[in-house]
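Below you'll find the structure, written out as structure tokens, and then a few comments.
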Amino acid sequence: MAEVVESIVRGMGLGGVYALLGVAFVIIYRATGVINFAQPALMILGAYVTSWFGVSNGLPFFLAVLLGMAVMAIVGMVVERLALRPMVGRPAFSAATVTVGVFIVLLIVAGRLIGSELLTVNDPWGLETVELGGATIFVVDLAKLVIALVAIGLVGLFLARSRVGLAMRATAFDQETSLAQGINVGRMFGLSWAISAALASLAGALVASGASGVETTTALVALKALPVIILGGLDSIKGSVVAGLIIGIAESLTRTYQPLYAPWLGANFDIIVPYLIMIIVLMVRPYGLYGTKEVVRV
Amino acid sequence: MLSVENLEVVYEDVILVLKGVSLQVPEGSIVALLGPNGAGKTTVLRAITGLLGVHRGRISKGSVTLDGRDLTNAEPPQIVRAGIGQVMEGRRIFREFTVEENLRVGGHTVGRAEIAAGLERAYDLFPVLADRRKQVAGYLSGGEQQMLAIGRAMMSTPRYLLLDEPSLGVAPKIVAQLRDLIVEINQAGTSVLLVEQNASMALSIATHGYVLETGRVVMDKPAEALREDEDVKEFYLGLHGSERGSLRDVKQYRRRKRWLS
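Line order of the protein sequences matches chains A and B.
Using the numbering used here, you'd call the opening residue of the first sequence number 1 and step up by one each time.
Using the numbering used here, you'd call the opening residue of the second sequence number 1001 and step up by one each time.
The structure is reproduced here in structure tokens:
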């Protein structure tokens, strides 16, 4: 029993990070129709910047995280302005291809900055554990989940309630009409990249926290967000949260129990579980769990 | 006064759509811009509101000025702030938003207090929207959506309102209602540039009218004179006698239409 709880909580921590990364994808997708393949590189750069503030400069963890998010928000805006703005009006596919280029460039930059060391972020929880009904739970997993949910909640509130959030949603829906209302559509694109990069940075900091640390190749964790957004529905924040948790927990449970009960599946089977879930769900629900079907008046 | 001088617009750098269009919307007036499909009416509006870029068009010559201030090639947000609102063809409401959210987006350029006042004004003008403020706009009827689009454009309290085919795809009864609303908006102090294919509706409320054909203004007269003009009657108002119904007359129609342009 304790083992199940431990595994599920670990999965929820993982799921929180996946949900953050998923929401980061969703925000850019909703605003611009582009899938941002540069997200993993933004995440790893975010981890680096957070580490630079927290470890190299000795700032408190949470301040370092916030500064990292701010810096990455600016990086996101610059990337959008330089690489993506010229693609406005072109097919989303072309713009998505540009983001692959951005990914490679940023990853090389991150590789240079990080070198071969293992980055840590000087987080307050490290390997601390709490006992919960006989189960030993790592504080880092709870922290990941809570911080991710709070951040996503704030972003959701911003989009739903604020005037700029409304303008961002309007832009996502119809750029020309939004322009006609006096919305600066380019600024909304920039803002969506800023928010998205900040969330990716937070995800990077969370991945690096605990005992794990981050190296350049950890960027590939962010690709797990692809099955998350496809499972949740490309344009749904709620979908990303639910799908992130499902995939995180499924992955963790597989890691715990598959070697015991299905060893013939081989090692590292947990890595492909997210993609398996994605394929199975898509067969049943092609829009994902929460993807929008268009509102049509009949 | 909203003034368009000698405007030329090209799309994709090759297709010349407007070939020197000039028109004026004096303060307090309703001006009708008539013409057949493809004449360039919508392009005139896009040139005024800065939306040509979205369609890969640009102003190659001429100017747009508002009370002497040059707005040629200005950005859309700047144009909205300068006091020009527009209702695009096909309503273009945000279907997945509620009625109230749609209106709020229209007030993007104005302050919080003005949004509150604007909402009140819109609900006053369109009571049917007030009843449905929390409903998803995509489920409104065509006429209600058109009212929402007009209400949304009025949220920025424009001094000049540009309407592109408000009567398109709306029941005749609602067309009459929309016409009265446009008059009401005008009397409250907003000048109107009304682009219409429904010439009888437009000319019934306009003070002045322009007829646009293949990118040129071919008539520029007070609305009253246009209503009485034989060619306008025949081509745009559909008021012709039975003796003009034969095929030969259609040929003549073509020839005379050429004369016009």
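All residues carry an ideal CB built from backbone N, CA and C; glycine is no exception.
No experiment lies behind these values; they were computed from the predicted model shown.
State the CB to CB distance for the pair residue i and residue j, rounded to an integer number of angstroms; the pair is presumed to be in contact (CB under 8 Å).
i	j	result
A/Ile214	A/Ala38	Sequence inspection shows Val at residue 214 of chain A; the Ile mentioned does not correspond to that position. Their Cβ separation, rounded to whole angstroms, is 17 Å, which puts A/Val214 and A/Ala38 out of contact at 8 Å.
B/Val1044	B/Val1021	6 Å
B/Ala1047	B/Glu1213	Not a contact, Cβ separation roughly 17 Å.
B/Lys1041	B/Gly1215	Incorrect: roughly 10 Å between the Cβ atoms, too far for contact.
A/Val26	A/Asp235	6 Å
B/Leu949	B/Val1025	Residue 949 of chain B cannot be examined here, being either before or after the span of chain B that is shown, 1001 to 1261.
A/Leu253	A/Gly11	6 Å
A/Pro274	A/Ile247	5 Å
A/Ala31	A/Phe103	Not confirmed; about 19 Å, so no contact.
Which term fits residue i, buried or exposed, when burial requires 16 or more other beta carbons within 10 angstroms of its beta carbon?
i	result
A/Arg163	exposed
A/Ser201	buried
A/Phe62	exposed
B/Asp1164	buried
B/Lys1173	exposed
A/Gly101	exposed
A/Gly58	exposed
A/Thr99	buried
A/Ile279	exposed
A/Phe93	exposed
A/Leu231	buried
A/Asp123	buried
A/Met283	exposed
A/Ile271	exposed
A/Ser51	buried
A/Ala267	exposed
B/Gln1187	exposed
B/Glu1184	exposed
Which value, in whole angstroms, describes the spacing of the CA atoms of residue i and residue j?
i	j	result
B/Thr1207	B/Ala1176	18 Å
B/Arg1132	A/Gly182	25 Å
A/Gly317	A/Gly190	Not covered by the structure: residue 317 of chain A. The range shown for chain A is 1 to 298.
A/Met72	A/Leu127	27 Å
A/Ala198	A/Ala205	11 Å
A/Gly291	B/Arg1152	28 Å
B/Val1064	B/Arg1091	24 Å
A/Thr177	B/Ile1093	8 Å
A/Gly16	A/Ile229	13 Å
B/Ala1082	A/Val185	18 Å
A/Phe173	B/Phe1097	10 Å
A/Ala148	A/Ser196	13 Å
B/Asn1102	B/Met1155	10 Å
B/Val1217	A/Met69	56 Å
B/Val1136	B/Val1099	6 Å
B/Val1170	A/Ile152	42 Å
B/Asp1013	B/His1055	11 Å
B/Gly1062	B/Val1004	8 Å
B/Ile1084	B/Asn1037	24 Å
A/Gln258	B/Leu1140	53 Å
A/Val221	A/Met168	28 Å
B/Ser1242	B/Arg1069	Note that B/Ser1242 has pLDDT 48, beneath the 50 cutoff, so the model's placement of it is unreliable and the number below is only indicative. For B/Ser1242 and B/Arg1069, the distance between alpha carbons rounds to 50 Å.
B/Asp1220	B/Gly1209	6 Å
A/Gly115	A/Gly13	27 Å
A/Val150	B/Gly1057	45 Å
A/Arg285	B/Ile1015	45 Å
B/Arg1244	B/Gln1145	The pLDDT assigned to B/Arg1244 is 48, lower than 50, so where the model puts this residue is not dependable; a value taken from the coordinates is nonetheless given after this. Computed Cα separation, rounded: 39 Å.
B/Ser1261	B/Glu1196	Any reading at B/Ser1261 must be qualified, since the residue scores a pLDDT of 49, below 50, and its modelled position is unreliable; the value itself is stated next. Roughly 19 Å between the two C-alpha positions.
A/Val130	A/Val9	12 Å
Are residue i and residue j closer than 8 Å when you measure CB to CB?
i	j	result
A/Ala225	A/Tyr29	no
A/Ala110	A/Thr218	no
B/Arg1227	B/Ile1205	no
B/Thr1190	B/Leu1148	no
A/Ala140	A/Gly210	Correcting the residue type first, residue 140 of chain A is Val in the shown sequence and not Ala. The answer is yes: Cβ separation under 8 Å.
B/Ile1059	B/Leu1052	yes
A/Ala203	A/Leu21	yes
A/Leu166	B/Arg1104	yes
B/Thr1264	A/Ala180	Any property of residue 1264 of chain B remains undetermined from this structure, which presents chain B solely from 1001 to 1261.
B/Gly1118	B/Thr1157	yes
A/Leu106	A/Leu45	yes
B/Ala1199	B/Leu1034	yes
B/Leu1168	B/Val1031	no
A/Thr171	A/Ser7	no
B/Val1087	B/Ile1182	no
B/Arg1095	B/Gly1142	no
A/Gly134	A/Ala2	yes
A/Ala64	A/Val121	yes
Curious, which full-length beta strand (DSSP E) runs of at least 3 residues does the stretch 1130-1217 of chain B contain? 1160-1164, 1191-1196 and 1208-1213
Within the stretch 128-164 of chain A, ranges of the beta strand (DSSP E) (whole runs, at least 3 residues): 129-132 and 135-138
Report the start-end ranges of each beta strand (DSSP E) in the stretch 1017-1067 of chain B that is 3 residues or longer and not cut off at the edges. 1030-1034 and 1057-1066
Complete runs of the alpha helix (DSSP H) confined to the stretch 1070-1103 of chain B [at least 4 residues]: 1076-1082
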